[in-house]
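So the structure is just underneath, and the comments pick up after that.
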Amino acid sequence: MASTMTFPSRPSTWWEPSTRRWRTPNAWRKNSSAAKAMIPEKIKFEILTPTRKLFSSEVTAVRVPGAGGYFGVYPGHTPFVATLQTGEVKVQIDDQYRYFATNGGFIEVLPDSVSIMADAAEAAESIDLKRAEEARARALKRIKEGRKAWDVPRAQAALARAMNRIQVAAKL
Numbered sequence: 531m532a533s534t535m536t537f538p539s540r541p542s543t544w545w546e547p548s549t550r551r552w553r554t555p556n557a558w559r560k561n562s563s564a565a566k567a568m569i570p571e572k573i574k575f576e577i578l579t580p581t582r583k584l585f586s587s588e589v590t591a592v593r594v595p596g597a598g599g600y601f602g603v604y605p606g607h608t609p610f611v612a613t614l615q616t617g618e619v620k621v622q623i624d625d626q627y628r629y630f631a632t633n634g635g636f637i638e639v640l641p642d643s644v645s646i647m648a649d650a651a652e653a654a655e656s657i658d659l660k661r662a663e664e665a666r667a668r669a670l671k672r673i674k675e676g677r678k679a680w681d682v683p684r685a686q687a688a689l690a691r692a693m694n695r696i697q698v699a700a701k702l
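Sequential numbering of the sequence shown, starting at 531, is according to this note's numbering.
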């Protein structure tokens with residue numbers, strides 16, 4: 531039995547030519563410009579931790595550390611929810627950038643808003659670099675000692691958090 535599906539890039543399996551009119555690229559352009567008019571220029575963005583609202587503002591774009599790597603969110607983005615890894619959140623407000631160190635959590639993306647529910651988060655300007663360096667040294671020491679099997683993965687996670695804080699603080 532022949533397929534009844536037709537594709538513009540593949541010849542039909544029917545004997546008779548199709549009488550269906552294909553959409554032209556001009557029609558696509560008209561539709562996309564109408565859709566673009568509905569997309570806002572900025573999105574409402576907020577970072578929440580279990581204890582407080584760390585940041586809330588209208589932003590142009592956001593780059594976050596997802597489970598599969600970093601991804602960007604712009605106004606009009608498709609809605610979704612994802613998990614976050616330890617990493618740097620980069621927020622663009624017009625021509626300026628702000629940086630935040632986050633340690634896991636979730637992100638909820640809607641066409642006009644983005645919410646990050648982080649396990650822990652800090653703005654780059656509020657990171658105590660000396661304390662972060664001390665945490666890094668403690669984590670390295672615990673990894674070298676590795677007394678218990680469960681201690682090494684915990685020390686590696688602590689090292690990743692400390693390195694993230696150091697890298698984000700260096701952005702200033």
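Beta carbons: idealized from backbone N, C-alpha and C, even for Gly.
All values reported here derive from a predicted model rather than from experimental measurement.
Looking only at Pro-609, Pro-595, Thr-613 and Arg-661, the smallest Cα-Cα distance to Tyr-629 is reached by Pro-595. As the crow flies, the alpha-carbon of Gly-599 is around 14 Å from that of Val-592. Contact annotation: Ala-631 and Val-589 have beta-carbon atoms that are not nearer than 8 Å. Looking at Val-619, Pro-570 and Tyr-627, the one whose alpha-carbon comes closest to that of Gly-635 is Val-619. The DSSP-derived three-state label of Ile-569 is coil.
Taking the Cα of Lys-574 as reference, the smallest distance to any Cα among Val-639, Ala-692 and Asp-625 is reached at Val-639.
The three-state reading of DSSP puts Ala-650 in coil, since its state is none of H, G, I, E or B.
Remark: C-beta atoms of Lys-572 and Pro-605 approach each other more closely than 8 Å.
In this structure, DSSP gives Leu-670 a helical state, which the three-state scheme calls helix. Here Pro-595 carries a strand assignment [DSSP, helix/strand/coil]. Contact between Ile-577 and Ala-651 holds, with the beta-carbon distance rounding to 5 Å and staying under 8 Å. For Ile-696, the enclosing alpha helix (DSSP H) starts and ends at 681-699. Counting the other CB atoms within 10 Å of its CB gives Arg-691 a total of 16 or more, which places it among the buried residues. Ala-685 and Arg-677 have their C-alpha atoms spaced approximately 11 Å apart.
Comparing alpha-carbon positions, the option among Met-568, Pro-580 and Lys-674 lying closest to His-607 turns out to be Met-568. Looking at the DSSP output, Leu-614 sits in a beta bridge with Gly-596 and Gly-635. Leu-659 carries a helical assignment under DSSP once its states are collapsed to helix, strand and coil.
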